[in-house]
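Below: one structure, written as structure tokens.
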Amino acid sequence: MIQSMTGFGKSITQLPSKKVTVEIKSLNSKNLDVNARIPSQYREKELLLRNTISKSLTRGKVDFSLYVEVTGEETTASVNRGVVKNYMQQLKSIVDGDETELLKMAVRMPDAVTTEREEIDESEFKAIEDAMIEALEEINQFRKDEGEALEKDLKLRVNNIEALLQEVLRIDPERVVAVKERLRKGIADLKENVDENRFEQELVYYIEKFDITEEKVRLENHLAYFNESINSPDSNGRKLGFISQEMGREINTIGSKSNYAPMQQLVVQMKDELEKIKEQLLNVL
Numbered sequence: 001m002i003q004s005m006t007g008f009g010k011s012i013t014q015l016p017s018k019k020v021t022v023e024i025k026s027l028n029s030k031n032l033d034v035n036a037r038i039p040s041q042y043r044e045k046e047l048l049l050r051n052t053i054s055k056s057l058t059r060g061k062v063d064f065s066l067y068v069e070v071t072g073e074e075t076t077a078s079v080n081r082g083v084v085k086n087y088m089q090q091l092k093s094i095v096d097g098d099e100t101e102l103l104k105m106a107v108r109m110p111d112a113v114t115t116e117r118e119e120i121d122e123s124e125f126k127a128i129e130d131a132m133i134e135a136l137e138e139i140n141q142f143r144k145d146e147g148e149a150l151e152k153d154l155k156l157r158v159n160n161i162e163a164l165l166q167e168v169l170r171i172d173p174e175r176v177v178a179v180k181e182r183l184r185k186g187i188a189d190l191k192e193n194v195d196e197n198r199f200e201q202e203l204v205y206y207i208e209k210f211d212i213t214e215e216k217v218r219l220e221n222h223l224a225y226f227n228e229s230i231n232s233p234d235s236n237g238r239k240l241g242f243i244s245q246e247m248g249r250e251i252n253t254i255g256s257k258s259n260y261a262p263m264q265q266l267v268v269q270m271k272d273e274l275e276k277i278k279e280q281l282l283n284v285l
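Its first residue numbered 1, the sequence shown is counted upward by one per residue in UniProt numbering.
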């Protein structure tokens, strides 16, 4: 079963004095690329949080955000009274202003408010980890749901290519007849007498040169392998991408060998379906 690299997960946890919100969203990327937005007091735990993400999400451009909102009366910030009073005295020596206005100016000065570094409470961090795991479970479920939609579309495209290939094979005898007639007409226009035996030999060589049997067999094998891989338990977008490249080579060769307008039109439709497959595979995990 394939999975999408696009996903979103969110978890909210209410602690006694804090509200913790974890958000994780991902987009397609060749490798795992994690961008973390974490409050400064939790920076020492960033590597641990990144490791938790990397164990759950193997690929994708991942944005991880941790928001911690204080809902109680606790605060780590305090007014540095001595500094503020000193600022006010200095301001009074410059201008004779209202005490309230001077206070407003003083508290904006450097070091007027100090913030004490708060040690991380282990029980609080455990709640954050639990919230992250919940958000990761949600984003993985999101990826699976998106993957189901992708899988249906990819299978439809592969079936369309297979149907077009069968149509190519159906009109292949017509192509051979058309090539023979075109060559005979060309010789007739030259008004030259030809050795029929030699002409038939050259015609057989010409037809064999544009034979698409090998390409047909290889393309059928690639289509079957694609369906087999997409139904495997693991999601492997890279593998499906490699198979689609091989499919493209065979379709291009059929197009170059066809030399027959109706067949070339079918090849164009096959290429269109394959391009849609490749676009979708960019988002497959």
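Just so you know, even glycine gets a beta-carbon here, dropped at the ideal spot from N, CA and C.
Just so we're clear, the structure is a prediction, and the values are computed from it rather than from any experiment.
By the neighbour-count criterion, in which 16 or more other beta carbons inside 10 Å mark a residue as buried, Phe226 falls on the buried side. Contact check for Val20 against Ile128 passes: the beta carbons are separated by less than 8 Å. Pairing Ser4 with Arg184 gives a Cβ-Cβ distance that is not under 8 Å. Per the coordinates, the alpha-carbon of Leu165 lies some 28 Å from the alpha-carbon of Asp234. Where Ile277 is concerned, the enclosing alpha helix (DSSP H) starts and stops at Ala261 to Leu281. Ranked by how close their Cα comes to the Cα of Ser26, the residues Ile139, Gln265 and Ser123 have Ile139 in first place.
Here the segment 95-113 makes no contact with the segment 40-59; the two share fewer than three CB pairs at distances below 8 Å. For the 8 Å CB-CB criterion, Leu223 and Met247 form a contact. Residue burial is scored here from C-beta neighbours: Leu48 has fewer than 16 other C-beta atoms within 10 angstroms and is therefore classed as exposed.
The segment 201-249 is shown to contain whole alpha helix (DSSP H) runs of 4 or more residues at 213-230, in chain order. Apart from the 5 residues on each side of it in sequence, Gly147 sits with its Cβ closer than 6 Å to the Cβ of Ile2, Gln3 and Ser4 in its chain, given in chain order.
Within the UniProt domain "Endoribonuclease YicC-like N-terminal" (2-151), the complete alpha helix (DSSP H) runs of at least 4 residues fall at 46-56, 81-94 and 99-106. In this structure the segment 255-263 does not touch the segment 22-37; the number of beta carbon pairs closer than 8 Å is below three. Going by C-alpha positions, Lys18 is about 59 Å away from Leu219. Taking the C-beta atoms as reference points, Leu150 is found no nearer than 8 Å to Ile277. In the DSSP assignment, Val158 is bridged to no other residue. Judged by beta-carbon spacing, Ala131 lies beyond the 8 Å limit of Gly9, meaning their Cβ atoms are not closer than that value. Within the DSSP secondary-structure output, Val284 pairs in a beta bridge with Ser4. A distance below 8 Å separates the beta carbons of Lys45 and Phe125.
Looking only at Arg81, Val179, Glu69 and Thr71, the smallest Cα-Cα distance to Met109 is reached by Arg81. Tyr67 counts as exposed, since fewer than 16 other C-beta atoms from the protein chains shown sit within 10 angstroms of its C-beta.
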